[in-house]
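Enquirer:
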Amino acid sequence: MLDWLSPAEWEAVRLSLRVAFWATLFSLPLGIFVAYALARWRFAGRELLNVTVHLPLIMPPVVTGYLLLVAFGARGPVGGFLESWFGISFAFRWTGAALASGVMAFPFMVRAVRLSLEAVDPRLEQAAATLGASRIWVFLTVTLPLILPGIIAGTVLTFAKGMGEFGATITFVSNIPGQTQTIPLAINLLLETPGGEARAARLAALSIAIAAAALVLSELIARRVAARMGRA
């Protein structure tokens with residue numbers, strides 16, 4: 001089974017899973033917070049925040065990658081500060097691939113959670129508040145269980161997008177085997193290599209299998225959550 005892919009291709013698979021995992025992990029809390037702010041709060045700059053969050057959906061991924069390179073590169077204002085003070089580097093490293101994937105997937109997380117929040121009856125939250133519960137306690141005990149299916153959907157979409165991100169990643173961190181070469185970048189390189197079509201097809205099949213498994217798992221979890229809520 002291990003001979004099905006070469007060591008370099010398995011490295012691309014492992015790196016893709018690593019990138020997608022960290023992109024999802026860091027997108028989850030921030031995505032819930034931003035979705036809650038957009039769904040529940042009214043503040044100056046709300047529409048600007050909404051547009052900014054969803055820009056990666058409509059901008060060319062190469063543009064997003066270029067902006068990340070300008071901001072988080074070694075000479076960028078954010079990247080230079082992080083590298084000088086904390087030793088954190090993004091450009092041309094797997095951490096940059098995770099950042100690019102997280103930025104590109106972030107709108108999916110926010111959208112899924114926000115739709116779930118907007119479907120929650122505010123009177124349920126208000127009833128808990130009238131009983132003396134704090135806002136945080138209301139969110140944890142009332143709102144969060146109700147929006148859990150949306151969070152699961154957003155998590156799966158973010159992970160899948162992280163696995164498949166190409167344009168922003170290759171622009172920001174290039175295509176370095178063992179460092180930044182994820183499955184999409186490896187497939188692109190193999191398609192440009194004479195005789196690499198069969199290996200590219202194997203990687204494509206594996207990526208499809210991983211994505212399908214993630215979707216099935218999310219569906220099972222969502223059904224279990226819905227069943228528990230129905231019994232509650």
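Using full-length UniProt numbering, you'd call the opening residue of the sequence shown number 1 and step up by one each time. The C-beta atom is built at its ideal place from N, Cα and C for all residues, glycine as well. Because the structure is a prediction, the values reported are computed rather than measured.
According to DSSP, simplified to helix, strand and coil, what is THR180?
Expert: The answer is coil: DSSP assigns THR180 none of H, G, I, E or B.
Enquirer: Please report how far the alpha carbon of ALA8 lies from the alpha carbon of GLY178, in whole angstroms.
Expert: Distance between the alpha carbons of ALA8 and GLY178 is about 7 angstroms.
Enquirer: Please say whether ALA222 and ILE176 have beta carbons closer to each other than 7 angstroms?
Expert: No. Outside cutoff.
Enquirer: Taking only three categories from DSSP, how would you classify PRO61?
Expert: Helix.
Enquirer: Are there three or more Cβ pairs, one per stretch, closer than 8 angstroms when the region 44 to 57 is compared with the region 132 to 151?
Expert: Judged by Cβ distances under 8 angstroms, the region 44 to 57 makes no contact with the region 132 to 151, as fewer than three pairs qualify.
Enquirer: In three-state terms, what does DSSP make of ASN175?
Expert: Of the three classes helix, strand and coil, the one that applies to ASN175 here is coil, per DSSP.
Enquirer: What does the alpha-carbon distance come out to for the pair ARG202 and GLU192?
Expert: ARG202 and GLU192: Cα-Cα distance of roughly 15 angstroms.
Enquirer: According to the neighbour-count rule (16 or more other Cβ atoms, all chains shown, within 10 Å of its Cβ), is THR64 buried or exposed?
Expert: Counting Cβ neighbours within 10 Å, THR64 comes out buried, since at least 16 surround it.
Enquirer: Does the Cβ of MET1 have 16 or more other Cβ atoms within 10 Å, making it buried, or fewer, making it exposed?
Expert: With a pLDDT of only 43 at MET1, under the threshold of 50, the placement of this residue in the model should not be trusted; the figure read from the coordinates follows. When all chains shown are included, MET1 counts as exposed.
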